[in-house]
Amino acid sequence: MTGHNPGMNVTGHTRRPASIRDVATAAGVSYQTVSRVINGHPSVKPSTRERVLAAIDELGFRRNATALALASGRSRAVTVLTANTTHYGYASILRGVEEAARAASYAVGIGVLESAEQPAVAAEVQRAADAGGGLIVIAYDPAGVRALAAVPAELPVVGVVETPASPPGGDRPWVWTDDREAAHEATRHLLSLGHETVHYVAIPSSTRRTSARTTGWRQALKEAGAPEPRPVQGSWGPAGGHAAGRELAKDPAVTAILCGNDDLALGVLRALHEAGRSVPGEVSVAGFDDAPHSAYLTPSLTTVRLDFTGLGRAAFALLHGVLEKSAQIAPHPVSVPELVVRESSGPPSARG
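Just so it is clear: in the sequence shown, position 167 is 185 by this note's numbering, and no numbers are missing.
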């Protein structure tokens, strides 16, 4: 009698991967019971647990992250803590983590930090710790910074931070974006076109200290001997950029604006259009991040590209090395900025 291949049916066609409900049917239990076995819940009877594990093995369910965890006796999961899942940088980091984790047969969970208040942050960190496995914290905002600092010493963690200077995770491994250099490069570009100074619309800082992007902008102005305007505080989205742009559009001396991200730049462009100020004829605008829409705006947006997806992959690779004890802690990976010059920046118009 020929052996049975669990991946093939009697017609020789490849069968779909087994689901948790398939396991439940084979074991004669509910899918909720299978879930409890998968998660190591102590309330499941030993005999029931054995039936479920046997069904997992028979159906080939162990090829996914859950079954691998059962086979190895430890979690093959990571949790990403983040205060935001929608903005481009955050979402791209999450995508990079998920891609790298899937390739390594790890599952990814997401814990959303709804508040920056310490009790709420501590509760979310505890939930992530209870889930087992490792933890990645995106520390681009006050909630993320507090979460990274609150992770227990015994829990494997990698931080994603905006600057290597005194990261909130201390000597824990982290990856970072060189936001300071990126803002410095964008500001120098605008100054090199002949603008007397560059105004800045800032994203919220991750801490009470000045953000790395603001520091890079300020440093470039200082090096050029250019006046330093008061930064205009924005938010994360286009509405904040629109409000800041309306304020800046009133001042005819404003000829160049750097925005803390591309969404802010989108709002600034709209405000300048409404005020009758042409871009780049009267005002040059540069963004930050190189979000997908930036190349398709009118005019297309000059910006600084950061590889957030690659950063997410690097964060998982660093954590994976810790979890598998397969590598020493590597030097902290960095996403190197790349200036992308498009239509929205140009020399200032002659004023007579």
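Ideal placement from N, C-alpha and C gives every residue a C-beta, glycine not left out. This structure is a prediction, so every number in the text was calculated from the model and none was measured.
| query | result |
| --- | --- |
| Among Ala-146, Ala-262, Pro-247, nearest to Trp-253 - alpha-carbon criterion | It should be noted that the sequence gives Ser, not Trp, for residue 253. If we check each option's Cα against that of Ser-253, Ala-262 comes out closest. |
| Close beta carbons around Glu-142, own chain, < 6 Å, minus the five adjacent residues each side | Gly-129, Leu-131 |
| Contact the segment 148–162 vs the segment 96–106: 3+ CB pairs below 8 Å | yes |
| DSSP bridge partner residues for Gly-129 (one or two, in chain order) | Leu-99 |
| Own chain partners of Ala-168 with C-beta closer than 7 Å, once the 5 adjacent residues on each side are dropped | Val-139, Ala-140, Val-143 |
| Neighbourhood of Asp-308 by C-beta, 6 Å cutoff - its chain only, sequence neighbours within 5 removed | Thr-321, Arg-323, Val-358 |
| Enclosing alpha helix (DSSP H) for His-202 [first to last residue] | 197–210 |
| Among Arg-69, Arg-39, Lys-63, the one whose alpha carbon lies nearest that of Ala-45 | Arg-69 |
| Same chain, Cβ closer than 7 Å to Ala-242, neighbours up to 5 away in sequence not counted | Leu-209 |
| Collapsed DSSP secondary structure at Ser-302 in the structure displayed | strand |
| The segment 328–347 touching the segment 263–272, judged by at least three CB pairs closer than 8 Å | no |
| 8 Å Cβ cutoff met for Pro-256 and Leu-284 | yes |
| Per-residue burial, Val-354 [other beta carbons within 10 Å of its own, 16 or more giving buried] | exposed |
| Residue nearest to Gly-328 in terms of C-alpha spacing, selected from Tyr-158, Val-47, Thr-195, Asp-189 | Thr-195 |
| Range covered by the beta strand (DSSP E) that runs through Ala-220 | 217–220 |
| Per-residue DSSP class, three states only, for Glu-356 | strand |
| Sheet register partners of Asp-325 (DSSP bridge) | For Asp-325, which the question treats as bridged, DSSP gives no partner whatsoever. |
| Of the listed residues Ala-200, Arg-360, Tyr-124, nearest to Val-303 (C-alpha basis) | Arg-360 |
| Candidates Val-47, Glu-117, Arg-67, of which the one nearest Arg-331 by Cα | Glu-117 |
| Simplified DSSP state of Asp-308, which is helix, strand or coil | coil |
| Contact set for Leu-239: own chain, Cβ-Cβ below 6 Å, skip 5 residues either direction | Glu-246 |
| Opening and closing residue of the beta strand (DSSP E) in which Val-155 lies | 152–157 |
| Per-residue burial, Gly-234 [other beta carbons within 10 Å of its own, 16 or more giving buried] | buried |
| Own chain residues within Cβ distance below 7 Å of Ala-109, not counting five before or after | Thr-103 |
| Cβ-based burial, Thr-205 [other Cβ within 10 Å; buried from 16] | buried |
| Neighbourhood of Arg-113 by C-beta, 6 Å cutoff - its chain only, sequence neighbours within 5 removed | Thr-327 |
| Per-residue burial, Ala-201 [other beta carbons within 10 Å of its own, 16 or more giving buried] | buried |
| Among Thr-316, Leu-266, Ala-230, Pro-310, nearest to Val-216 - alpha-carbon criterion | Leu-266 |
| Within 8 Å, strictly: CB atoms of Pro-317 and Gly-212 | no |
| Supposed close pair Tyr-158, Glu-180 - CB separation, criterion 8 Å | 6 Å |
| Nonlocal neighbours in the same chain, by C-beta distance under 6 Å from Ser-362, ignoring five residues either side | Val-297, Pro-298, Val-303, Pro-317, Leu-319, Thr-320 |
| Simplified DSSP assignment, three categories, for Gly-255 | coil |
| Residues near Ile-38 in its chain [Cβ-Cβ closer than 6 Å; skip 5 each side] | Tyr-49, Val-52 |
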